[in-house]
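Position 4 of the sequence shown, counting from 1, maps to 19 under the working numbering, and the rest follow consecutively.
Here a beta-carbon is modelled for each residue, glycine too, at the ideal position from N, C-alpha and C.
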Amino acid sequence: MATPRAGTASWFHQKIVDPLVQILRRGAEPRQLAFSSALGITLGVFPICGMQ
16 MATPRAGTAS
26 WFHQKIVDPL
36 VQILRRGAEP
46 RQLAFSSALG
56 ITLGVFPICG
66 MQ
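Shown next, in the form of structure tokens:
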């Protein structure tokens with residue numbers, strides 16, 4: 016039986032790592048990928064930016 020940690024690692028690899036690797040293989044620069052990831056995380060954490 017698999018441990019919960021192995022399931023979490025598998026999920027992380029499938030949902031986070033694999034899509035990022037696919038984007039890089041299609042020709043995106045690592046700098047562009049880092050910027051878009053940072054922007055997405057920032058706006059996801061602070062979704063009310065610019066609203067009063």
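First and last residue of the uninterrupted alpha helix (DSSP H) at residue i
i	result
Val60	Pro45 to Val60
Gln37	Asp33 to Arg40
Nearest-angstrom Cβ-Cβ length linking residue i and residue j, presumed shorter than 8 Å
i	j	result
Leu58	Leu48	Between Leu48 and Leu58 the Cβ distance is about 16 Å, and since that is not below 8 Å, they are no contact.
Leu54	Pro45	Between Pro45 and Leu54 the Cβ distance is about 15 Å, and since that is not below 8 Å, they are no contact.
With 16 other Cβ atoms within 10 Å as the buried cut-off, status of residue i
i	result
Met16	Any reading at Met16 needs caution, since the residue's pLDDT is 44, under 50, leaving its predicted position unreliable; the model's value is listed next. Flag for Met16 reads exposed.
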